[in-house]
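Below: the structure, in structure tokens.
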């Protein structure tokens, strides 16, 4: 009888602990495209925060070069859609610092943009969100994004924008 009671008590304790868990505070992130093909970042925060976004190359053999970095100037938890490479109102750009890896650039690394940010075919990228706690970065290529239909976004997988918005709202 005691052997049966122990697993049941453990299961009850686990269930009560899970039920008491606080709402998630991770930002939710997806990539999409505008009607004219511009890459956009869809960002949702579950609590008020001043997040940052960073785009970097993502070569397999080294730490990638930072291409673009922005930070929100005031706390917010509003859902946002940001055109990659454009600094939206309420955000500020941070000049990327030279990385030690730039002197040892991989032959497959795209050139560092001097003006407008343009993604290069064949290059791998990653986008990071700076928030507390940190979010899992998204890894992607231009080809990944070109395959998206107008109503789709890429998280870890491809999903509809409506499904992403629904899951983001449910998570918060």
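Residue numbers (full-length UniProt numbering): 1 to 172. Ideal Cβ positions, reconstructed from N, Cα and C, are used throughout, including at glycine.
Checklist entry - Which residues mark the beginning and the end of the beta strand (DSSP E) in which residue 140 is found? => result For this step, residue 140 is matched to residue 140 along the chain shown. Residues 138-141.
Next on the checklist: For residue 169, report the span of its alpha helix (DSSP H) as first-last.
Outcome noted: As a position in the chain shown, residue 169 is number 169, starting the count at 1. Residue 169 -> alpha helix (DSSP H) spans 161-171.
Item to check | Touching by the beta-carbon criterion (3+ pairs, under 8 Å), the region 72-85 and the region 51-60 | outcome: yes
Checklist entry - Taking the beta strand (DSSP E) that residue 130 falls in, what are its first and last residues? => result Within the chain shown, residue 130 is the residue found at index 130, counting from 1. Segment 124-130, the beta strand (DSSP E) holding residue 130.
Next on the checklist: Closest to residue 44 by C-alpha separation, out of 88, 135, 85 and 35, would be which residue?
Outcome noted: The residue labelled residue 44 in the question sits at position 44 within the chain shown. Closest option to residue 44, Cα to Cα, is 135.
Checklist entry - Opposite residue 179 in the DSSP bridges: which residues? => result Outside the displayed span of the chain (1 to 172) sits residue 179, for which this structure offers no information.
Checklist entry - Does the distance from the C-beta atom of residue 126 to that of residue 30 stay below 8 Å? => result The residue labelled residue 126 in the question sits at position 126 within the chain shown. The residue labelled residue 30 in the question sits at position 30 within the chain shown. Not closer than 8 Å, so no.
Checklist entry - Going straight from the alpha carbon of residue 149 to that of residue 62, what length do you get? => result Position 149 of the chain shown, counted from the first residue, corresponds to residue 149. Position 62 of the chain shown, counted from the first residue, corresponds to residue 62. Approximately 32 Å, taken between the alpha carbons.
Checklist entry - Between residue 93 and residue 87, which are expected to be in contact by the criterion C-beta below 8 Å, what is the C-beta distance as a whole number of angstroms? => result Residue numbering aside, residue 93 sits at position 93 when the chain shown is read from its first letter. Residue numbering aside, residue 87 sits at position 87 when the chain shown is read from its first letter. Contact flag correct, Cβ pair sits at about 5 Å.
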